[in-house]
Amino acid sequence: MSFFDRLANGLGTLLGVLVDTTVQVISGIKRGYDAYKRQGGVTGAEVVDEIARKKDRLRSVNDEIMHLRNQHMSSGSLNDRARKRWEDLRAEREQLLSELNEGKEVRAAEKIIETEGVIDKVEIDLETTHVLQYNAFADTLGKQCRVCGRPMKLQWKRDLSVAEPKDFYWGCTGWYVQQGGRRACTHTEQLQRNDYGLMTDTTAPEFSMTAEEFSIILTDKGTEKIIDTRLNDLKSDLISGHRGVELATCPVHGENMVLRKKQNATGLLDAYFLACPYWRPNNAGCTFIEKLKSGSQLAALLKSETGRGVL
Ligand SMILES: [Zn+2]
Ligand SMILES: [Zn+2]
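Numbering (this note's numbering), first residue to last: 14 to 324.
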């Protein structure tokens with residue numbers, strides 16, 4: 014099953030659509046969605062429940078895998094039974110991740126159909142790179158590494174205050190996976206011409222200005238303080254609700270990422286990052302983190318979790 018012969022994300026954005034028209038693309042998604050429903054596919058509140066159930070199961074599977082891993086590390090080996098259990102759990106995790114991915118596609122298609130009236134095409138140029146960064150925050154559905162099959166993520170050189178279109182690339186998430194002291198996959202791909210076109214809800218106030226204007230607004234001390242307070246509040250809400258960030262998940266463990274704040278940060282764009290729930294300081298756990306080094310990522314996070322972006 015897939016409604017998308019192209020890339021999408023949970024923000025209701027389609028990626029890689031420079032040469033298509035909005036009407037064609039959305040009617041294609043509607044056809045796919047209707048056909049899926051007719052075949053008895055789970056949608057709406059039911060798919061939300063199913064995703065929640067599978068995530069619960071995933072958490073128990075991950076916890077047990079971690080427990081076995083720790084046992085293996087402390088005693089140097091596992092007995093045959095424990096080893097067999099470990100393999101079964103890993104297979105179950107793969108299955109859950111692929112089912113959860115289907116659920117995410119259904120949700121993304123629904124989001125696109127619901128917001129159809131405000132979806133417009135954005136061509137990425139020097140003035141609109143912040144729209145691409147905004148969308149890099151959420152998991153991209155349908156972009157797999159052609160070397161290892163893991164999901165890929167939109168990346169860019171993080172130390173730039175305003176990134177240019179040529180600074181973006183796709184990076185394999187295997188980069189974050191350590192295997193025998195080496196990164197499991199370091200494959201990257203340049204963006205193709207078609208990748209520089211998105212279809213997205215353009216009503217976000219952040220999109221009514223250029224990338225540069227947006228970055229200037231964020232240098233205002235007052236604005237910076239307000240955003241910092243809102244992020245702190247969101248962080249506390251997530252902790253007290255025992256929740257992670259819905260649209261960004263760890264590619265290895267599949268769980269929602271946790272919003273964290275760095276000690277001794279040099280400013281707002283250095284302060285926050287998303288980490289896998291199995292992340293531990295000093296590379297002791299899962300190494301998948303995502304630095305929130307642009308105003309656009311912070312806007313996407315706040316918008317998807319609280320309903321309002323940074324402006
Ligand atoms: Zn790869
Ligand atoms: Zn992880």
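Beta carbons: idealized from backbone N, C-alpha and C, even for Gly.
Remember, predicted model here, so these are calculated numbers, not experimental data.
Pop quiz: residue i and residue j are said to be a contact at Cβ under 8 Å. What is the actual Cβ separation, rounded to whole angstroms?
{"i": "residue 24", "j": "residue 148", "result": "6 Å"}
{"i": "residue 60", "j": "residue 144", "result": "Between residue 144 and residue 60 the Cβ distance is about 28 Å, and since that is not below 8 Å, they are no contact."}
{"i": "residue 200", "j": "residue 175", "result": "Residue 200 to residue 175, Cβ: 27 Å. No contact."}
{"i": "residue 166", "j": "residue 184", "result": "6 Å"}
{"i": "residue 27", "j": "residue 211", "result": "7 Å"}
{"i": "residue 20", "j": "residue 204", "result": "So it is not a contact: roughly 11 Å between Cβ atoms."}
{"i": "residue 262", "j": "residue 152", "result": "6 Å"}
{"i": "residue 259", "j": "residue 307", "result": "Between residue 307 and residue 259 the Cβ distance is about 20 Å, and since that is not below 8 Å, they are no contact."}
{"i": "residue 257", "j": "residue 271", "result": "5 Å"}
{"i": "residue 141", "j": "residue 135", "result": "6 Å"}
{"i": "residue 102", "j": "residue 74", "result": "5 Å"}
{"i": "residue 71", "j": "residue 106", "result": "7 Å"}
{"i": "residue 247", "j": "residue 315", "result": "7 Å"}
{"i": "residue 64", "j": "residue 116", "result": "4 Å"}
Does DSSP classify residue i as helix, strand or coil?
{"i": "residue 292", "result": "coil"}
{"i": "residue 376", "result": "This structure cannot speak to residue 376, because the chain is shown only from 14 to 324."}
{"i": "residue 195", "result": "strand"}
{"i": "residue 179", "result": "helix"}
{"i": "residue 268", "result": "coil"}
{"i": "residue 69", "result": "helix"}
{"i": "residue 233", "result": "coil"}
{"i": "residue 131", "result": "helix"}
{"i": "residue 258", "result": "strand"}
{"i": "residue 307", "result": "coil"}
{"i": "residue 286", "result": "strand"}
{"i": "residue 28", "result": "strand"}
{"i": "residue 81", "result": "helix"}
{"i": "residue 157", "result": "strand"}
{"i": "residue 184", "result": "strand"}
{"i": "residue 248", "result": "helix"}
{"i": "residue 243", "result": "helix"}
{"i": "residue 275", "result": "coil"}
{"i": "residue 220", "result": "helix"}
{"i": "residue 321", "result": "coil"}
{"i": "residue 316", "result": "helix"}
{"i": "residue 14", "result": "With a pLDDT of only 46 at residue 14, under the threshold of 50, the placement of this residue in the model should not be trusted; the figure read from the coordinates follows. Note: residue 14 maps to coil in three-state DSSP."}
{"i": "residue 173", "result": "coil"}
{"i": "residue 52", "result": "coil"}
{"i": "residue 151", "result": "coil"}
{"i": "residue 74", "result": "helix"}
{"i": "residue 190", "result": "coil"}
{"i": "residue 253", "result": "helix"}
{"i": "residue 90", "result": "coil"}
{"i": "residue 280", "result": "coil"}
{"i": "residue 11", "result": "Any property of residue 11 remains undetermined from this structure, which presents the chain solely from 14 to 324."}
{"i": "residue 162", "result": "coil"}
Where do the N-terminal and C-terminal ends of the beta strand (DSSP E) with residue i fall, by residue?
{"i": "residue 32", "result": "Run containing residue 32: none; DSSP gives neither H nor E here."}
{"i": "residue 137", "result": "First-last for residue 137: undefined, no H or E at that position."}
{"i": "residue 108", "result": "Counting along the chain, residue 108 falls outside any beta strand (DSSP E), though it belongs to the alpha helix (DSSP H) covering 93-127."}
{"i": "residue 21", "result": "20-22"}
{"i": "residue 167", "result": "165-169"}
{"i": "residue 213", "result": "210-214"}
{"i": "residue 202", "result": "201-203"}
Using a threshold of 7 Å, is the CB atom of residue i nearer than that to any non-hydrogen atom of ligand 4?
{"i": "residue 134", "result": "Absent from the structure shown: ligand 4. Ligands present: ligand 1 and ligand 2."}
Inter-stretch contact at 8 Å, needing at least 3 Cβ pairs: the segment 99-119 / the segment 251-270
yes
Count the CB pairs spanning the segment 48-63 and the segment 133-152 that are closer than 8 Å, and state whether there are at least three.
no
Quiz: which residues have CB nearer than 6 Å to ligand 1 non-hydrogen atoms
158, 160, 161, 163, 185, 187, 198, 200
Can you list, in chain order, every residue whose CB sits closer than 6 Å to a heavy atom of ligand 2?
263, 265, 266, 289, 291, 299, 301
Using 8 Å as the Cβ pair cut-off and three pairs as the minimum, do the segment 224-234 and the segment 288-303 touch?
no
Using a Cβ distance threshold of 8 Å, determine whether the segment 29-48 contacts the segment 119-128, with at least three qualifying pairs required.
yes
Counting beta carbon pairs with one atom in the segment 207-220 and one in the segment 287-296, are three or more of them shorter than 8 Å?
no
Any chance the segment 77-84 sits against the segment 226-239, with 3 or more Cβ pairs inside 8 Å?
no
Is the segment 239-247 touching the segment 270-285, taking contact as three or more C-beta pairs under 8 Å?
yes
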